[in-house]
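Reviewing the structure listed below.
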Amino acid sequence: MQKSKTINYSDPLNEDFGPQPRNLKKITGQYRYNRDNIFVRLFDFLTYRFILMPIAFIYTKLIARIKLANKHLLKDLKKEGAIVYANHTHAQADAFSPTMHFFPKKVTLVTNSANVSLPILGNVTKAWGALPLPEDYTASKRFVKEFELRLKRKGVVVIYPEAHLWPFYTGIRPFTHNNFAYSVKFNVKSYALTSTYQRGKKGKLKRIVYLDGPFIVDEKLNSKDASVKLRNEIYEVMNERSKLSTYEKYRYVKRSK
0 MQKSKTINYS DPLNEDFGPQ PRNLKKITGQ YRYNRDNIFV RLFDFLTYRF
50 ILMPIAFIYT KLIARIKLAN KHLLKDLKKE GAIVYANHTH AQADAFSPTM
100 HFFPKKVTLV TNSANVSLPI LGNVTKAWGA LPLPEDYTAS KRFVKEFELR
150 LKRKGVVVIY PEAHLWPFYT GIRPFTHNNF AYSVKFNVKS YALTSTYQRG
200 KKGKLKRIVY LDGPFIVDEK LNSKDASVKL RNEIYEVMNE RSKLSTYEKY
250 RYVKRSK
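Shown next, in the form of structure tokens:
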């Protein structure tokens with residue numbers, strides 16, 4: 000049996016173990032979120048359907064062989080937009096697999112600026128649905144407007160509330176209620192998407208992703224309390240699903256003070 004590699008961490012809320020471009024783009028009021036120009040939309044459609052989709056299929060189905068559990072819940076998503084909250088544990092899987100899980104819907108991934116900062120590739124990831132978090136007031140207004148538009152077009156918006164990549168982490172890290180304010184603001188259904196790593200036959204890695212929901216906004220509460228309640232409900236479900244992981248490639252150990 001292969002021994003797990005140990006990774007030491009200090010801050011579960013802010014520490015990131017993913018790759019970072021050297022020059023990060025600033026997402027300010029100059030950043031263009033909306034892509035409604037007819038030529039831009041045509042470019043987005045062609046690259047999404049004929050480049051991203053084949054890559055996502057090959058990676059998800061043939062290379063990683065990721066299985067989606069509870070597929071029957073996808074029926075509820077056919078006629079409306081929704082927000083999906085997922086744990087962030089694999090760079091490639093988290094980038095490509097949602098495209099396959101929610102096909103034929105267009106998937107938007109809320110990301111940090113690293114995903115749109117690389118030359119050329121940054122523009123391609125925008126076409127594929129990357130929606131980077133804003134860094135000033137003007138950008139925030141445009142971000143929220145574009146977020147709402149993609150939901151109105153019955154798309155799926157995926158948010159990784161843990162915010163930082165921890166490869167093959169088998170638990171659920173703490174996260175705040177802030178990201179759940181979008182579900183409350185737009186009053187849409189929410190789902191949990193939990194990646195697990197399980198030991199299959201002969202000790203080989205078996206990757207199963209669990210879809211749970213829908214979670215409904217409690218309209219009797221004020222916005223903050225509704226966000227907190229939704230966060231707690233989804234966190235609890237994700238935490239229970241994560242306990243199904245039986246394969247530990249990396250062992251994360253908190254540094255002693």
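In numbering that gives the first Met the number 0, the protein residues as written are 0 to 256. Note that beta-carbon positions come from the ideal geometry of N, C-alpha and C, so glycine has one too.
Q: Counting only the same chain and skipping the five closest in sequence on each side, list residues whose C-beta sits under 7 Å from that of residue 271.
A: Missing from the structure shown is residue 271; the chain here goes from 0 to 256 and no further.
Q) From what residue to what residue does the alpha helix (DSSP H) around residue 40 run? A) In this chain, the alpha helix (DSSP H) harbouring residue 40 covers 37-46.
Q. How many angstroms separate the CA atom of residue 254 from the CA atom of residue 175?
A. 22 Å
Q: Give the straight-line distance between the Cα atoms of residue 168 and residue 7, rounded to the nearest whole angstrom.
A: 12 Å
Q | DSSP-derived helix/strand/coil call for residue 102 | A | coil
Q) Closest to residue 166 by CA distance: which of 37, 91, 84, 22 is it? A) 91
Q: Report back the beta-carbon spacing between residue 198 and residue 246 to the nearest angstrom; my notes put them in contact at under 8 Å.
A: 5 Å
Q | For residue 83, the residue or residues it bridges with in DSSP | A | According to DSSP, residue 83 bridges with 157, 190.
Q: Thinking residue 250 and residue 3 are a contact (beta carbons under 8 Å), I'd like their distance in whole angstroms, please.
A: 4 Å
Q.
So within the segment 115-169, which uninterrupted alpha helix (DSSP H) runs reach at least 4 residues, ignoring any that extend past its ends?
A. 120-126, 136-151
Q: Could you check the C-alpha separation between residue 51 and residue 95 for me, to the nearest Å?
A: Put simply, the backbone Cα of residue 51 is about 8 Å away from that of residue 95.
Q: Would you list the residues sitting across from residue 214 in a DSSP beta bridge?
A: 189
Q: Report the partner residues of residue 250 according to the DSSP bridge assignment.
A: 5
Q: Would you mind sorting residue 71 into buried or exposed? The rule is 16 or more other CB atoms within 10 Å of its CB.
A: exposed
Q | Beta-ladder partner(s) of residue 209, from DSSP | A | 68, 193
Q | Selection from 104, 130, 123, 118 that minimises the alpha carbon distance to residue 111 | A | The shortest Cα separation from residue 111 among 104, 130, 123, 118 belongs to 130.
Q. Which one of 16, 5, 18, 34 has the shortest CA to CA distance from residue 149?
A. 34
(Q) For residue 252 and residue 164, what's the separation of their Cα atoms in angstroms? (A) 15 Å
Q. With a CB to CB cut of under 7 Å and the five nearest residues on each side skipped, what residues in its chain are close to residue 227?
A. 176
(Q) So if DSSP puts residue 227 in a beta bridge, which residue, or which two residues, is it bridged to? (A) Partner(s): none; residue 227 has no beta bridge.
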